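*Asks:*
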Ligand SMILES: [Zn+2]
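Residue numbers (my numbering): 1 to 119.
(1) Answer with buried or exposed for residue 87, where buried requires no fewer than 16 other C-beta atoms within 10 angstroms of its C-beta.
(2) Please state whether DSSP places residue 17 in a helix, a strand or coil.
(3) Rounding to the nearest angstrom, what Cα-Cα distance links residue 70 and residue 38 in this structure?
(4) When burial is assigned at 16 or more other CB atoms within 10 Å of the CB, is residue 53 buried or exposed?
(5) Is any heavy atom in ligand 1 found nearer than 6 Å to the beta carbon of residue 11?
(6) Consider the C-beta atom of residue 6 and the heavy atoms of ligand 1; say whether any pair is separated by less than 6 Å.
(7) Might you give, ordered along the chain, the residues of its own chain that have their beta carbon closer than 8 Å to the beta carbon of residue 14, omitting 5 neighbours on each side?
(8) Apart from the five residues on each side of it in sequence, which residues of its chain come closer than 8 Å, Cβ to Cβ, to residue 24?
(9) Check each candidate in 73, 21, 61 and 34 and name the one with the smallest Cα separation from residue 4.
(10) Note down, one range per segment and in chain order, each alpha helix (DSSP H) of at least 4 residues found wholly within the stretch 50 to 101.
(11) Could you tell me the alpha carbon to alpha carbon distance between residue 91 and residue 81, rounded to whole angstroms?
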């Protein structure tokens, strides 16, 4: 069984990241979520996509001066959603598969089922 590369972690590795073509990083779930390249990319996606969504959905409210705690919460979620999707996607493509496990993400149970039926 592969182990997380983080010193003194010792947990089973569930994710493999290609730091560069010659070097890979193995991480358990806890350390995969906070793996610096994953976090950095998620922050960039959140800044870009979140800002576009903010302009579409809340810019008029903010410019009119009608900022309420609910609007502030929505603005936070506007940035949190793309951050979460980017992190989830990075973990999904980096997940180590066990022998016999489908390559179709568990989020799509119908596709995984038809994948199994085909053999
Ligand atoms: Zn770990």
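Heads up, the beta-carbon is just placed ideally off N, CA and C, and yes, glycines get one too.
Only a predicted model underlies this, so the values are computations on that prediction, with no experimental measurement involved.
*Replies:* With the given structure in hand:
(1) In the chain shown, counting from the first residue as 1, residue 87 sits at position 87. It is buried - the Cβ of residue 87 has at least 16 other Cβ atoms within 10 Å.
(2) Translated into the one-based positions of the chain shown, residue 17 becomes position 17. Secondary structure at residue 17: strand, using DSSP grouped into helix, strand and coil.
(3) Taking the first residue of the chain shown as position 1, residue 70 is located at position 70. Taking the first residue of the chain shown as position 1, residue 38 is located at position 38. Cα atoms of residue 70 and residue 38: separation of roughly 29 Å, rounded to the nearest angstrom.
(4) Within the chain shown, the letter at position 53 stands for residue 53. Sixteen is the threshold: when 16 or more other Cβ atoms of the shown chains lie within 10 Å of the Cβ of residue 53, as they do, the residue is buried.
(5) Within the chain shown, the letter at position 11 stands for residue 11. For ligand 1, at least one heavy atom lies less than 6 Å from the Cβ of residue 11.
(6) By one-based count along the chain shown, residue 6 stands at place 6. Yes, since a heavy atom of ligand 1 falls inside the 6 Å radius drawn around the Cβ of residue 6.
(7) In the chain shown, counting from the first residue as 1, residue 14 sits at position 14. These residues qualify, in order along the chain: 27, 28, 29, 32, 95 and 96.
(8) As a working note, residue 24 is residue 24 in the chain shown. Within its own chain, the residues whose Cβ lies closer than 8 Å to the Cβ of residue 24, once the five positions on either side in sequence are excluded, are 16, 17 and 18, listed in chain order.
(9) The count along the chain shown starts at 1 and reaches residue 4 at position 4. The shortest C-alpha separation from residue 4 is found at 34.
(10) The qualifying runs are 59 to 64 and 69 to 94.
(11) Counted from its first residue, the chain shown places residue 91 at position 91. Counted from its first residue, the chain shown places residue 81 at position 81. Each residue's alpha carbon lies about 15 Å from the other.
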